[in-house]
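The next block holds one structure in the form of structure tokens; read it before the comments.
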Amino acid sequence: MGDFDTQTHTKEGVFELMKNMGHEQLVFCQDENTGLKAVIAIHNTNLGPALGGTRMWDYSSEENAIKDVLRLSRGMSFKAAITGLELGGGKAVIIGDAKTQKTPELMKRFGEFVDSLNGKYITAEDVGMSEKDMEYVRMTTKHVTGIPESMGGSGDPSPITAYGVYMGMKACAKFKWGNDNLTGKNVLVQGVGHVGEYLVQHLSSENANIFINDINADQLNIVAKKYNATIIESSEIFALNMDIYSPCALGATLNPDSIKKLKCEIICGAANNQLENENRDSLLIKEKGIIFAPDFLVNAGGLINVYSEIKKFSKEQVLSQTKKIYDSTLEILRKSELEGLTSYEAALKIANDILLEKKNN
Ligand code: NAD
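Remember, my numbering sits 2 above the position in the sequence shown when you count from 1.
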């Protein structure tokens with residue numbers, strides 16, 4: 003499998019990349035005894051401590067790992083800002099095969115590095131990490147969120163993330179079709195893992211025509227049977243005539259090649275960094291007349307959920323805050339139309355303005 007970051011090779015050095023993307027700090031963590039190789043990226047702390055999960059991935063190069071953590075942490079800053087949370091953006095990557103290279107010692111050592119930042123970076127679970135791994139990380143640092151409900155934490159963020167994506171999708175429908183009813187709409191969900199399956203559940207309750215794709219055949223069959231969804235082969239995804247395409251697997255599925263083929267009116271999904279190249283691809287999507295819900299806006303439900311753990315607010319408050327994704331999506335789509343911007347540019351502009359305002363105060 004390829005890397006999350008599919009951007010082409012650049013000659014920029016690390017400081018140049020940090021400067022261009024606006025990062026504050028990059029922490030390289032190395033430990034010979036455990037074999038740990040990790041990078042913690044702190045993008046922006048104007049609004050609060052940098053929060054973002056730790057991803058373990060077998061990157062094909064260190065350069066790709068660095069680029070991935072830089073992109074992901076930057077996305078977290080924008081996500082927190084646009085959602086109105088007092089949090090900064092951060093992320094960590096552990097370089098290695100999550101299936102074969104994990105040990106309790108490695109996780110504990112990673113926790114020590116997180117702890118050395120004294121709360122400036124707060125971590126959580128992400129791709130390649132399990133609840134058990136996070137238990138080891140928690141043994142050496144208290145700066146961890148996304149704790150299981152059984153231990154007094156906010157638990158699995160996926161249902162809340164899916165609810166936010168569903169709200170964003172309905173707002174896109176309202177903007178495009180004047181009505182947010184998804185009954186009878188053809189919706190393709192790519193990736194029916196944690197978030198994707200909950201999203202399918204919402205769509206099913208509204209009687210949408212659901213099409214699903216996943217590389218995990220077992221999960222695909224379970225979800226298809228449970229929600230009467232139609233399975234689509236990977237090769238057919240972009241050739242399918244659909245109303246809504248929902249990327250809920252990995253990032254960078256939107257690139258010139260896929261956008262050229264796409265036959266849908268709305269794109270709205272949970273995956274982080276859906277655009278392979280933000281400016282180029284958001285413009286291509288706009289030129290095709292497709293409505294695009296910026297990922298960092300509509301997938302913020304999970305972040306709201308972990309934020310509730312820090313701020314000690316209730317599940318009801320989490321849901322009502324996540325429901326607001328409907329209004330903010332509509333606001334951004336209207337702004338983009340009014341100002342002739344892509345929806346991604348409009349969302350970035352709002353998030354950047356919030357970050358700058360806080361810096362100047
Ligand atoms: P997950 O690992 O549970 O599910 C991802 C699913 O995508 C898996 O079933 C996997 O088999 C499938 N998949 C992987 N590669 C694929 C491919 N090439 N084609 C089709 N399917 C493929 O992850 P998740 O927690 O459901 O998260 C999904 C996406 O949403 C990720 O990009 C994640 O970063 C993002 N996200 C998740 C949350 C959350 O609360 N879990 C919050 C914000 C963003």
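Where a beta carbon is used, it is the ideal one built from N, C-alpha and C, also for glycine.
- Considering only 79, 350, 252, 39, the residue with the shortest C-alpha distance to residue 25 is 79.
- Contact between residue 74 and residue 50 is ruled out by a C-beta separation of about 18 Å, above the 8 Å threshold.
- Segment contact: the stretch 290-303 against the stretch 158-169, three or more CB-CB distances shorter than 8 Å; contact assigned.
- Counting along the chain, no alpha helix (DSSP H) covers residue 45; the unbroken beta strand (DSSP E) around it starts and ends at 38-46.
- Here residue 221 carries a helix assignment [DSSP, helix/strand/coil].
- The continuous alpha helix (DSSP H) containing residue 177 extends over residues 160-179.
- Under DSSP, the beta-bridge partners assigned to residue 28 are 43.
- Put simply, the backbone Cα of residue 336 is about 10 Å away from that of residue 343.
- Contiguous alpha helix (DSSP H) elements confined to the stretch 283-338 occur at 297-300, 303-313, 317-325, taking only those with 4 or more residues.
- Taking a C-beta distance under 7 Å as the contact criterion, residue 121 and residue 57 do not qualify as a contact pair.
- Taking the CA atoms as reference points, residue 102 sits about 34 Å from residue 231.
- When the beta-carbon positions are compared, residue 71 and residue 109 stay at least 7 Å from each other.
- The stretch 212-226 makes no contact with the stretch 174-186; the number of CB pairs closer than 8 Å stays below 3.
- Between residue 276 and residue 258, the C-beta spacing is not below 7 Å.
- With respect to residue 361, residue 22 sits apart: the two C-beta atoms are not nearer than 7 Å.
- Among the bridge pairs identified by DSSP, residue 357 is matched with none.
- In chain order, 265 place their CB closer than 6 Å to the CB of residue 243, counting only its own chain and leaving out the 5 sequence neighbours on each side.
- Residue 273 has its CB nearer than 6 Å to a heavy atom of the ligand NAD.
- As DSSP reads the structure, residue 341 sits in no beta bridge.
- The straight-line gap separating the alpha-carbon atoms of residue 91 and residue 299 is approximately 14 Å.
- Closest by C-alpha distance to residue 55, out of 40, 346, 294, 65, is 40.
- In this structure, the CA atom of residue 64 is about 47 Å from the CA atom of residue 180.
- Residues of the same chain with a CB within less than 7 Å of the CB of residue 128, apart from the 5 flanking positions on each side, are 55, 56, 57 in chain order.
- Straight-line measurement puts the Cα of residue 69 at about 11 Å from the Cα of residue 15.
- For residue 182, the CB contacts under 6 Å within the same chain, skipping 5 residues up- and downstream, are 172, 175, 176 in chain order.
- Beta-bridge partners assigned by DSSP to residue 146: 125.
- DSSP links residue 189 through a beta bridge to 212, 246.
- Where residue 83 is concerned, there is no enclosing beta strand (DSSP E), although the alpha helix (DSSP H) around it starts and stops at 64-85.
- Per DSSP, residue 91 is one residue of the beta strand (DSSP E) stretching across 90-97.
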